[in-house]
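Presented below is the structure to which this report refers.
Protein chains in written order, with this note's numbering: chain A, 1 to 731; chain B, 1001 to 1148.
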């Protein structure tokens, strides 16, 4: 029971303020009416006992109804409760007025309270309806009274009348006071929450603003944080409503305007990060998030936005991006360095290594062009030895070279042994403008240094201006150093291989020499010593005819031995005595050789075809080269066989892989079978003992050609003539 | 000499050396039984009945004296041809050359030479060698049946 009473006197919370206030008012009114009706019963009993019966009935009705109203409010039936309360009051007044004799009854004033209480009902229409119903009821009571339908008016004493009036006054007063207080409370609450919101809005670490709903985006409100954010007084944004567009970073302007345009079309959330320029000309990054606020019917009202300062985050991001880009670059450099290093340590052939290194560096760093120059022997010229791309090939094809002097970056770099950069090549006078590389904007020249000696330089060119940093130079110089060492290694290796090959050749020659001495020189000795014995026998027996014959055999063998010894001496001289090479027109050499062979050539009626116009100038030992031609042409003449139209042709047949001219001497004589092609160049190898000679001619020719850095070979079929080919470097 | 059974085939490009061999063998009265060839090609033509010797049955030698460095077909190639032929390989081949080179000695024996002799420098030494050679191969040595 106590629990129930507690619950009964506890007003529950409604979801909105207005309902809360109405509930409290209705509640208070119900309790107040119940208490007043009780008081009315007591007053009636004292001042007007005649009214007691009616007062008790009324009080009973009021208390019962009030109780119902309270229960309804407890159960959130606010509207029904208030209607019930007002209806109850109307019923009490109407019944009172009718029974007390009509309009003149003091209770008639009670309609005023009904109308006043009608204001409590949340639904305004019902309030109006109750007012009208009260007035109408009053009119009906009057009509009934005029027509004598009502009982005769009740005669109140003046005190009773006053008592009733006072009762109504008190009720009115209570209702009015309660109403006013409730309104004040509502107003206070509203003001308080507004202040809270405002304080919240103006204390968060972000700037809020309200912009007009159209695309122009006038500033209608901006929170004071803007002053801290941008340094401009808050007024600036209100007085100049488009001020925010004026402080937009020019690079972001278009992007922001496009986004603004887009969200004004769609009404979607605006969320853009951009830069603003503060009063003290700093650039800050803000995140701008704005929502289009709509009213209850969905019509756009304004843009409510928030500016958050994200400068620190952006800087961190930028720093991170920078770091990533630097790391990426370093990784590429390391990777390239590793690949260059691998190539440098595994490839000994410079013709393969240098183009590979140039391509590696050019591709990995995305450069425009990379070229490697090596200094030639005289140290006056740097010769392009490897280059990337089509332009590179074009330059290689034309034997592109630069003088080692200050007139070019490469020349300067080699002369001084230092790296050089031209960040905008137009500005650096030392750059030699190259029409084949028109897009170069930055150029770097790195010296190739090994064992303290500059052996060349590497040029690296980019289409971007000012692209090389000091870190790049360090990294690339490291690679250049590796390349320089690799070049040195390859050179040493080639030198060693050549030395080995030469040694092998010399060993083979020595072996041949020993063999020759033990066989070819022994042969005449056997004859000499053998026939010396028979000479004695001949002398003893007096056989003079055989004596003469045997003596001739001995003499012949001695001569032959002499010739062999001379040839051997000659052969050993070639290796040691060679005249300093000079530039000679090959035409002269051929002419001299033919002149020397004039006798045998004319004797055998041999036709000579000499392609003089194709002969280049060559570098070599004049006398030795004449010997070569003399031997080859002489051999050709010797082995003509019974050819009816003996012809010897001398000419050139292009160049070999080393860019040496290929010469040939062709005859239409007896030819040489395949199996002898190797043997013919061997010392004292003669294929036909019936023909004069010691068999040293071709050995000599081969030696001389090889000493000049050339090669000699033969193309021939037995019976189909022979062609001797040999190469010589042209001047 | 054609038609006569010959005893020695001499393959030698140096006419002086051939003369020395023939003269020293004279003392064994077989000088007329020596047949001299100046190069490998003619020697093989004789043995295989071809070229200049085609169609004529030729006497088989008891022994072949072979020089190594010969024009046209080299001595080693002559040796190979003989030793690879089922019929001819029974004929003893004595290499007689000026070369002392190990390489030549090895190659000769590798190709089944029956003996390797270096021509001595000196009259007496040459004579002695020819005497011994004549005795050994033509007197002491038993030859396989000679087919005609």
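Glycine included, C-beta positions come from ideal geometry on N, C-alpha and C.
Exposure label - residue i; buried when at least 16 CB within 10 Å
i, result
"residue 486 of chain A", "buried"
"residue 196 of chain A", "exposed"
"residue 327 of chain A", "exposed"
"residue 627 of chain A", "buried"
"residue 213 of chain A", "buried"
"residue 1104 of chain B", "buried"
"residue 361 of chain A", "buried"
"residue 567 of chain A", "buried"
"residue 712 of chain A", "buried"
"residue 536 of chain A", "exposed"
"residue 302 of chain A", "buried"
"residue 204 of chain A", "exposed"
Closer than 8 Å at the beta carbon, the chain A residues around residue i
i, result
"residue 1113 of chain B", "Simply none; closest approach about 17 Å."
"residue 1023 of chain B", "534"
"residue 1121 of chain B", "522, 525, 526, 529"
"residue 1069 of chain B", "519"
Under 9 Å from the C-beta of residue i: neighbouring residues of chain A
i, result
"residue 1126 of chain B", "526, 529, 530, 533"
"residue 1042 of chain B", "By Cβ distance, chain A contributes nothing, its closest Cβ being about 13 Å from residue 1042 of chain B, past 9 Å."
"residue 1081 of chain B", "Within chain A, no residue comes near residue 1081 of chain B; the closest Cβ sits about 14 Å away, beyond 9 Å."
Inter-residue Cα distance where the pair is residue i and residue j
i, j, result
"residue 169 of chain A", "residue 106 of chain A", "12 Å"
"residue 430 of chain A", "residue 405 of chain A", "Unreliable positioning characterises residue 430 of chain A in this predicted model, as indicated by a pLDDT of 46, which lies under 50. The coordinate reading is nonetheless provided below. Spanning the two alpha carbons is a distance of roughly 10 Å."
"residue 1092 of chain B", "residue 1061 of chain B", "9 Å"
"residue 562 of chain A", "residue 650 of chain A", "33 Å"
"residue 457 of chain A", "residue 262 of chain A", "57 Å"
"residue 496 of chain A", "residue 560 of chain A", "40 Å"
"residue 200 of chain A", "residue 180 of chain A", "30 Å"
"residue 66 of chain A", "residue 128 of chain A", "22 Å"
"residue 72 of chain A", "residue 151 of chain A", "37 Å"
"residue 445 of chain A", "residue 236 of chain A", "56 Å"
"residue 393 of chain A", "residue 384 of chain A", "10 Å"
"residue 34 of chain A", "residue 62 of chain A", "6 Å"
"residue 240 of chain A", "residue 135 of chain A", "59 Å"
"residue 218 of chain A", "residue 304 of chain A", "12 Å"
"residue 79 of chain A", "residue 291 of chain A", "37 Å"
"residue 142 of chain A", "residue 100 of chain A", "12 Å"
"residue 165 of chain A", "residue 110 of chain A", "9 Å"
"residue 719 of chain A", "residue 1052 of chain B", "20 Å"
"residue 279 of chain A", "residue 244 of chain A", "12 Å"
"residue 269 of chain A", "residue 289 of chain A", "7 Å"
"residue 590 of chain A", "residue 599 of chain A", "16 Å"
"residue 184 of chain A", "residue 74 of chain A", "24 Å"
"residue 220 of chain A", "residue 227 of chain A", "16 Å"
For residue i, the three-state DSSP class (helix, strand or coil)
i, result
"residue 252 of chain A", "helix"
"residue 103 of chain A", "coil"
"residue 640 of chain A", "coil"
"residue 1068 of chain B", "coil"
"residue 149 of chain A", "coil"
"residue 1001 of chain B", "Summary for residue 1001 of chain B: the model assigns pLDDT 36, below 50, so the residue's position carries little reliability; its value from the coordinates is reported in the next sentence. Coil."
"residue 1059 of chain B", "coil"
"residue 282 of chain A", "coil"
"residue 351 of chain A", "helix"
"residue 77 of chain A", "coil"
"residue 47 of chain A", "helix"
"residue 302 of chain A", "strand"
"residue 287 of chain A", "strand"
Interface partners of residue i on chain B, CB under 8 Å
i, result
"residue 557 of chain A", "1016"
"residue 553 of chain A", "1016, 1019"
Neighbouring residues, chain B, relative to residue i (Cβ below 7 Å)
i, result
"residue 523 of chain A", "1014, 1098"
| Short-range partners of chain C found in the region 499-519 of chain A, where Cβ spacing is below 7 Å | Of the protein chains in the structure, A and B, none is chain C.
| Runs of alpha helix (DSSP H) lying entirely within the region 367-441 of chain A, each at least 4 residues, in chain order | Along the length of the region 367-441 of chain A, whole alpha helix (DSSP H) runs at least 4 residues long occupy 389-397, 409-416, reported in chain order.
| task | Only counting runs of 4 or more residues, tell me where the alpha helix (DSSP H) segments fall wholly within the region 210-254 of chain A, in order along the chain. | result | For the region 210-254 of chain A, whole alpha helix (DSSP H) runs of length 4 or above, ordered along the chain, are 225-230, 234-239, 243-246.
| request: May I have a chain-ordered list of the beta strand (DSSP E) segments no shorter than 3 residues that lie completely inside the region 639-676 of chain A? | output: Residue ranges of uninterrupted beta strand (DSSP E) with 3 or more members, entirely inside the region 639-676 of chain A and ordered along the chain, are 647-655, 661-667.
| query | What alpha helix (DSSP H) runs, 4 residues minimum, are completely inside the region 490-567 of chain A? | reply | The DSSP assignment places complete alpha helix (DSSP H) segments of no fewer than 4 residues inside the region 490-567 of chain A at 522-541, in order along the chain.
| field | Any alpha helix (DSSP H) of 4 or more consecutive residues that is wholly inside the region 1121-1145 of chain B | value | Correct list: 1123-1134.
| task | With a floor of 3 residues, list each beta strand (DSSP E) that falls wholly inside the region 568-641 of chain A, ordered by position along the chain. | result | The region 568-641 of chain A contains these whole beta strand (DSSP E) runs: 582-585, 607-610, 617-620.
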